[in-house]
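First comes the structure, then the notes that go with it.
Number of protein chains: 4
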Amino acid sequence: MHEKVRIGVIGASGYTGADLVRLAVRHPLIDIAVLTANSHAGKRMEAVFPHLAGLGLPDLITNEEADWSGIDAVFCGLPHATSQQVIAALPEHLKVIDMSADFRLRDPATYEKWYGGAHKALHLQAEAVYGLSEHYREAIRTARLVACPGCYPTAVLMLLLPLVKAGLIDAGDLVIDAKSGVSGAGRSLKQNILFCEAGEGLSPYAIASHRHAPEIEQEISLAAGREVIVNFTPHLIPMSRGELITCYARLAGGATAEDCRNALAERYSEEPFVHMAPEGINPATQYVRGSNNVMLGTYADRVPGRVILVSTLDNLVKGSAGQALQNFNLMLGFDETTGLEQVSLFP
Amino acid sequence: MHEKVRIGVIGASGYTGADLVRLAVRHPLIDIAVLTANSHAGKRMEAVFPHLAGLGLPDLITNEEADWSGIDAVFCGLPHATSQQVIAALPEHLKVIDMSADFRLRDPATYEKWYGGAHKALHLQAEAVYGLSEHYREAIRTARLVACPGCYPTAVLMLLLPLVKAGLIDAGDLVIDAKSGVSGAGRSLKQNILFCEAGEGLSPYAIASHRHAPEIEQEISLAAGREVIVNFTPHLIPMSRGELITCYARLAGGATAEDCRNALAERYSEEPFVHMAPEGINPATQYVRGSNNVMLGTYADRVPGRVILVSTLDNLVKGSAGQALQNFNLMLGFDETTGLEQVSLFP
Amino acid sequence: MHEKVRIGVIGASGYTGADLVRLAVRHPLIDIAVLTANSHAGKRMEAVFPHLAGLGLPDLITNEEADWSGIDAVFCGLPHATSQQVIAALPEHLKVIDMSADFRLRDPATYEKWYGGAHKALHLQAEAVYGLSEHYREAIRTARLVACPGCYPTAVLMLLLPLVKAGLIDAGDLVIDAKSGVSGAGRSLKQNILFCEAGEGLSPYAIASHRHAPEIEQEISLAAGREVIVNFTPHLIPMSRGELITCYARLAGGATAEDCRNALAERYSEEPFVHMAPEGINPATQYVRGSNNVMLGTYADRVPGRVILVSTLDNLVKGSAGQALQNFNLMLGFDETTGLEQVSLFP
Amino acid sequence: MHEKVRIGVIGASGYTGADLVRLAVRHPLIDIAVLTANSHAGKRMEAVFPHLAGLGLPDLITNEEADWSGIDAVFCGLPHATSQQVIAALPEHLKVIDMSADFRLRDPATYEKWYGGAHKALHLQAEAVYGLSEHYREAIRTARLVACPGCYPTAVLMLLLPLVKAGLIDAGDLVIDAKSGVSGAGRSLKQNILFCEAGEGLSPYAIASHRHAPEIEQEISLAAGREVIVNFTPHLIPMSRGELITCYARLAGGATAEDCRNALAERYSEEPFVHMAPEGINPATQYVRGSNNVMLGTYADRVPGRVILVSTLDNLVKGSAGQALQNFNLMLGFDETTGLEQVSLFP
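Chains as they are written, first to last, in the numbering used here: chain A, 575 to 921; chain B, 575 to 921; chain C, 575 to 921; chain D, 575 to 921.
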């Protein structure tokens with residue numbers, strides 16, 4: 575029987591932090607001891623997120639006010655570029671699960687190019703483990719700092735890594751059309767995510783310039799054993815949660831869509847959070863909402879030699895807070911599904 | 575330590591049945607043994623509700639195929655007027671939690687008037703306990719058949735019963751403006767609940783003729799000690815889940831809105847699922863989505879002597895499947911919150 | 575045959591200004607000569623509102639840059655409290671149609687109480703005509719300054735004024751439950767109108783404190799011939815456009831709901847923009863979206879002696895820009911429907 | 575000065591028929607004389623579509639009851655496979671604008687393969703003109719029967735035809751990821767388009783099997799001068815109206831994305847309904863809602879030698895009823911924009 579682990583959440587006033595709290599507060603082995611949010615310090619959590627009322631959460635404090643002695647692990651939900659210094663300043667005894675982008679890119683030059691400034695904690699970058707749970711499980715178990723993947727990379731890599739590794743698709747010819755709900759843009763005030771702007775409509779954004787592209791390329795390249803560039807084109811969809819990837823790929827070595835399906839089914843057959851879409855059902859974000867699940871599908875294209883690959887997850891759960899908690903479970907030696915058993919909420 | 579209870583769900587192919595399954599499958603003391611749905615018999619549950627894939631559920635069968643020996647309790651999610659005969663035909667050893675309207679109305683004449691036909695299981699009506707958990711807890715504990723309240727009545731009665739009983743508001747002057755998400759209309763095919771019809775718009779429906787009105791009146795009358803008629807006007811809101819009641823009442827005996835607030839706060843101070851809205855926050859369906867919670871608020875009207883009362887819940891959880899499970903816990907002697915700890919999903 | 579009138583729009587970067595432009599650009603007797611928006615001066619209108627691309631609109635300038643010589647009329651879409659001084663500084667030859675709240679309240683003390691500061695253009699207040707087109711038509715024709723009603727007051731007063739004037743309902747016992755789409759909150763950045771906050775949910779706001787209440791009371795009191803206070807409780811609905819009022823009233827003098835229906839039908843029989851809901855159809859915002867129409871319905875309450883009254887309109891059209899254009903037509907002697915013939919957009 | 579043309583609408587009870595009526599009723603040269611809808615015959619149009627109340631429309635009748643003498647043109651909004659026989663039975667003097675799929679495919683074998691049965695009016699197929707207005711304008715002017723393109727083909731072909739014809743992209747390597755609002759699925763009752771099923775979520779559908787694929791291929795092949803197969807993958811988006819195409823293509827002959835932009839801008843420079851997205855703005859369905867406009871964008875891919883092409887339109891307007899009216903204008907010799915000047919409705 576494990577004892578409870580005392581955790582802190584840095585940056586608890588964003589959607590990612592809040593969803594981490596939603597899950598962690600029901601995790602039987604977690605005691606939420608610290609919640610920080612510099613812009614809301616002094617407030618009750620329920621004043622910032624009323625859906626978290628009645629849970630007996632600690633009040634929000636500043637990062638500086640946090641007393642990390644007696645804390646075992648922290649989740650960091652700060653925006654990119656701010657996490658690195660905050661995390662660098664944390665005591666060594668803390669296990670750190672970072673949900674920001676700061677430690678995802680292995681190559682400092684790539685980080686600098688895409689995030690517009692030099693990395694300020696390169697020594698930590700070196701030890702950070704990329705937290706795609708199902709693919710880096712062993713390294714995560716012994717990591718002190720885990721860099722949780724972006725929501726899009728999680729959805730893409732869960733779908734493509736096994737196929738690239740098995741040589742079933744050509745890593746050099748990948749078109750990744752991505753669709754995300756609005757929560758992926760966070761809670762900060764921007765005109766394009768107002769209800770009247772994002773509602774009842776649809777548009778692509780960050781075309782050929784989204785920061786998740788190099789992250790995807792990093793991992794696909796590693797799997798392929800050569801440098802690849804991918805097309806990655808995200809779209810903003812009028813829904814709050816959920817993300818769906820439609821990937822158009824060229825089959826390699828005579829493989830078929832059926833081969834791809836079998837490879838994915840086999841690769842994930844023991845994975846509690848990864849499912850092939852049921853027979854006759856297409857993956858839909860509705861089917862994974864609120865859960866840590868990924869649903870995958872493969873389809874023969876009418877264009878000879880090509881395949882259509884589909885992946886869906888909840889961007890705030892498996893795409894962020896859920897996977898963070900999954901990694902925490904791995905790091906602490908807990909059952910990986912602890913606190914993550916929520917069934918999808920539909921409708 | 576309790577042993578697991580084997581349950582069945584009759585009518586598992588509706589939204590109510592599915593949400594019951596969503597919750598029950600994670601209830602540590604429940605074993606889902608039977609799922610029936612006559613129109614989908616023979617299918618896997620995930621073919622009907624793909625969000626329930628991967629949970630190891632039994633396949634759907636007909637009511638007639640169900641073997642009730644060895645089953646301890648059944649939840650019934652059939653449409654009204656069909657439940658009564660199905661339930662009457664069940665073996666005596668089963669505890670029954672009915673989520674339909676069939677056993678809610680104590681007076682057979684009222685049932686007949688509002689549901690357009692004579693009740694076909696009046697002997698069971700006599701023993702049925704009205705399953706508003708927080709208000710009929712003791713009777714529910716020993717009931718064999720519990721008639722779970724309608725979603726609207728639950729939201730209304732949780733808000734008004736304590737105030738009427740305390741004489742703080744005039745039960746004879748109640749305007750109840752109700753707003754519900756579309757899932758309240760069920761999953762059957764009707765034009766008005768198509769996405770393009772219900773989306774991006776709003777309308778009242780069943781004006782002065784909704785069947786939840788007599789149910790509300792029944793309980794308010796009991797609390798008031800006299801027959802009352804209430805205004806009850808529901809509206810269809812372009813969202814899937816959630817329900818919000820705005821009740822306009824005349825204060826009685828010199829009471830104030832503050833008195834109402836205090837009365838509700840005190841009445842529900844020990845209740846795990848009922849919360850007053852945090853200071854400065856108005857109740858919103860977003861804050862209770864997916865949870866079994868009710869959030870309440872009271873406001874002084876600018877019109878002297880009047881009060882504005884607000885209540886919100888998730889129509890499929892506390893308004894249906896969640897409360898059904900809460901009643902099941904009471905009937906089985908389990909902790910009332912077992913399997914109902916899900917935190918609200920926001921955003 | 576009329577010549578074209580050259581108009582300006584002050585505050586063209588808000589939703590109200592944009593909808594005025596949408597309508598005015600197709601008005602056969604309008605030439606849009608000036609568009610101002612101090613925070614966006616120098617930009618093309620299509621950079622601020624891409625849906626207005628390709629219409630040959632003038633670029634945005636500051637109010638100060640505007641040359642009002644040669645202009646005949648201006649529409650003002652500024653926020654309240656800023657309009658009054660801007661309008662006071664305009665040349666006398668301009669006809670002014672103000673869509674803000676600044677000149678709606680006849681009593682300066684009421685303005686000061688609700689808007690938190692002394693009115694800075696009281697001399698103009700004295701001459702301003704309240705622009706509820708169907709009810710102040712004659713005064714509007716000869717006005718120089720028209721104060722267009724708020725969106726809620728328009729919906730409420732179109733519904734209630736004829737009934738109060740005819741003595742069919744008791745003006746002293748009015749509960750007005752109002753529901754609005756999110757565009758009513760404008761385009762400025764506020765957390766509560768983010769997609770993820772307002773979407774898939776519903777809440778009341780500004781309970782007993784909304785600034786449209788005194789405006790409603792002003793006009794109801796005038797019609798009733800005595801001071802009245804009304805309950806007015808708005809709710810934020812997850813849709814962009816549209817507004818629906820459900821009013822709960824006590825019938826007076828033995829009147830029936832049918833009498834109310836007849837009175838409204840007769841009062842508006844010649845009005846091109848006002849319709850009773852078709853037989854068997856309830857008013858819905860979907861049915862008036864994008865048009866200048868108002869749809870009304872009356873229903874007998876089950877509570878004896880009471881009536882349920884419903885009104886719906888598009889808050890940006892009849893609730894704002896459309897009515898402004900209707901008033902402009904009256905002021906310029908044009909046919910009242912010119913440029914306002916758009917049929918509702920459904921779905 | 576033209577005289578008014580008397581028209582009929584066959585199949586007026588679907589969304590396409592209703593949107594045709596919305597536009598036609600304000601067309602200055604149209605008199606709507608006949609509305610048919612066999613399943614709703616005898617009803618007033620406002621009983622079926624309340625947003626069309628107050629327009630003085632004729633009542634719905636059956637196709638058989640329609641008297642076509644004195645009628646000049648008919649629009650046909652029936653489902654595919656039913657149009658061909660109804661149209662074949664119409665008198666010769668009628669100009670026919672068919673909005674169904676029945677006469678779109680030039681090759682009877684292709685029709686039979688994709689629509690599951692032999693074509694029953696092949697003689698008419700031979701004379702039918704494909705109604706992509708901007709690309710078949712001259713043929714449309716003299717046609718008696720125009721087959722309006724599908725919504726997806728319209729969006730795709732407006733984007734790709736000029737580029738294929740100019741040899742700027744490789745017609746043999748086209749990935750077309752399509753996203754549509756739910757109105758594209760029509761008004762008939764299907765579970766997947768219920769509000770609770772389609773809302774707050776997203777999924778692909780008809781993967782590699784959508785009937786608009788052969789239609790797209792037919793026209794792309796004609797433009798390319800060789801048979802091509804395209805990837806075409808549609809997705810259902812939680813919005814009512816609007817469609818957005820993201821096309822991933824290989825540049826040909828050393829062309830750049832800028833070349834593509836220039837080619838499109840030049841090709842459509844005189845077209846009133848086709849616009850390049852304003853500088854710095856991505857095409858969004860919100861910007862064309864309710865209008866007959868198409869908005870296009872071109873973007874350099876990060877993958878060398880590839881381009882990302884985007885197109886958006888309102889599926890019920892330019893994608894159906896609007897383009898039908900545009901073709902009608904061409905066939906009757908009217909100004910092509912008559913009755914189609916509606917500005918996009920935003921928000």
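Yeah, the Cβ is synthetic: ideal placement off N, Cα and C, and Gly gets one too.
Being a predicted model, the structure only gives us computed values, none of them experimental.
Is any beta-carbon of chain B found at less than 9 angstroms from that of D:Lys764?
yes
If I measure Cβ to Cβ from B:Gln916 and keep anything under 7 angstroms in the same chain, skipping five residues before and after, which residues do I get?
Gly864 and Ser865
State buried or exposed for D:Ser674, treating a residue as buried only when at least 16 other CB atoms are found within 10 Å of its CB.
buried
Measure the alpha-carbon distance for C:His809 versus B:Pro857 and round it to whole angstroms.
11 angstroms
Cβ-based contacts, 9 angstroms cut-off: residues of the segment 841-874 of chain C near chain A
none
Considering B:Val685, what are the terminal residues of the alpha helix (DSSP H) in which it resides?
At residue 685 of chain B the sequence reads Tyr, which differs from the Val that was named. Residues Pro682 to Tyr689.
Which same chain residues, not among the five before or five after B:Thr872, have their C-beta less than 7 angstroms away from its C-beta?
Ala831, Cys834, Arg835, Leu838, Val881 and Leu883
Could you tell me which residues DSSP puts in a beta bridge with B:Gly651?
Note: B:Gly651 sits in no beta bridge, so no partner.
Assuming the contact rule is C-beta atoms closer than 8 angstroms, A:Trp688 and A:Pro665 should be a hit. Round their C-beta distance to whole Å, please.
Not confirmed; about 30 angstroms, so no contact.
Look at the alpha carbon of B:Asn766 and the alpha carbon of D:Glu620, and state the distance between them as a whole number of angstroms.
15 angstroms
Under three-state DSSP, which class holds C:Ala721?
strand
Output the residue ranges of the alpha helix (DSSP H) runs that lie fully inside the segment 883-912 of chain A and measure 4 residues or longer, sorted by chain position.
896-906
List the residues of chain A that B:Pro602 touches, going by C-beta distances under 9 angstroms, in chain order.
Neighbours of B:Pro602 on chain A: none; closest Cβ ~10 angstroms, over 9 angstroms.
Beta carbon of B:Cys821 nearer than 9 angstroms to that of B:Asp888:
no
Rounded separation between B:Thr859 and A:Ala787 - CA only
36 angstroms
Beta-carbon of D:Val595 versus every beta-carbon of chain B: anything under 9 angstroms?
no
Answer yes if the segment 714-725 of chain D comes into contact with the segment 688-704 of chain D, meaning at least three C-beta pairs across the two stretches below 8 angstroms, and no otherwise.
yes
Bridge partners - D:Cys821, DSSP secondary structure assignment:
D:Ile750 and D:Leu883
What are the start and end residues of the alpha helix (DSSP H) that includes C:Ala621?
Met619 to Val622
With 9 angstroms as the threshold, decide whether the Cβ of A:His654 is near any Cβ in chain D.
no
To be precise: take each residue of the segment 668-689 of chain C, compare its Cβ to all Cβ atoms of chain B, and keep it if any distance is under 8 angstroms. Which residues remain?
none
For the alpha helix (DSSP H) that contains D:Ile661, what are its first and last residues?
Ser657 to Ala662
DSSP beta-bridge partners for D:Met850?
D:Leu870
Helix, strand or coil: which one does DSSP assign to D:Thr636?
coil
Would DSSP call C:Val670 helix, strand or coil?
strand
Apart from the five residues on each side of it in sequence, which residues of its chain come closer than 8 angstroms, Cβ to Cβ, to C:Ser613?
Ser587
Can you find a heavy atom of the ligand ZN that lies under 8 angstroms from the Cβ of B:Ser783?
The model depicted lacks the ligand ZN and carries no ligand whatsoever.
Please name the residues in the segment 599-631 of chain A whose beta-carbon is closer than 8 angstroms to at least one beta-carbon of chain B, in chain order.
Val599, Arg600, Arg618, Glu620, Ala621, Phe623, Pro624, His625, Leu626, Ala627, Gly628 and Leu629
So if DSSP puts B:Asp605 in a beta bridge, which residue, or which two residues, is it bridged to?
B:Arg580
Quick check: the Cα distance between D:Glu817 and D:Leu731, rounded to an integer number of angstroms?
13 angstroms
Any idea if A:Ser762 is buried or exposed, counting beta-carbon neighbours within 10 angstroms, 16 or more meaning buried?
exposed
Figure out for me which residue from D:Ile790, D:Asp646, D:Pro602 and D:Gly628 has the closest Cα to the Cα of D:Val583.
D:Asp646
Please tell me whether C:Cys931 and C:Gly758 are closer than 9 angstroms, where the distance is taken between their beta carbons.
With chain C covering only 575 through 921, there is no way to say anything about residue 931 of chain C.
Could you please tell me which residues of the segment 766-787 of chain A, in chain order, have their CB closer than 9 angstroms to any CB of chain C?
Ile767, Leu768, Phe769, Cys770, Glu771, Ala772, Gly773 and Glu774
Looking only at its own chain, which residues have a Cβ that is under 6 angstroms from the Cβ of B:Pro653, when we skip the five neighbours before and after it?
none
Would you say C:Pro812 reaches chain B, if we count a Cβ-Cβ gap shorter than 9 angstroms as a contact?
yes
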